[in-house]
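Residue numbers (this note's numbering): 1 to 128.
Glycine included, C-beta positions come from ideal geometry on N, C-alpha and C.
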């Protein structure tokens, strides 16, 4: 898997940061997008809120993780629409994970195969 250096990788990274800032109140301090055939992987660093940091310091790391999970699930539709718009391909699965120390998040999107790589549907077996 390689970090994208082209325009689409930058567009995905910018869109993800913008969505997180708009809907989460604060965005990541760093974002890199990686592509590998049918996988888009977005690595986000930083961006924890003051409330998350306070909860983490109070030993409430599980509450922080659960809140992030709920937020990421809530953002799935917005994330997916942006990935589909930018790649021109349908997202068939979205997976998300976060880590508190260091502050990291990964958003993974599995894309439908491009038209030229799709297998033709198998025909039903004929009876003789």
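Check	Outcome
Endpoints, alpha helix (DSSP H) assigned at residue 33	No alpha helix (DSSP H) holds residue 33; the beta strand (DSSP E) holding it covers 30-36.
Outcome for residue 72 when other beta-carbon atoms lying within 10 angstroms are tallied against a minimum of 16	buried
Closest Cα partner of residue 29 within the set 40, 14, 63, 80	14
In DSSP terms, what residue 105 is bridged to	44, 98
Beta-carbon proximity of residue 85 to residue 112, cut-off 8 Å	no
Within the segment 46-99, ranges of the alpha helix (DSSP H) (whole runs, at least 4 residues)	50-57, 61-87
Range covered by the alpha helix (DSSP H) that runs through residue 22	7-24
Counted within 10 angstroms of its Cβ, other Cβ atoms place residue 4 as buried (16 or more) or exposed	Residue placement at residue 4 is poorly supported in this model, since its pLDDT is 49, which falls under 50; the coordinates are not used for a value here.
Proximal residues to residue 48 (C-beta, below 6 Å), its chain only, five neighbours per side dropped	103
C-alpha distance - residue 77 paired with residue 95, whole-angstrom precision	12 Å
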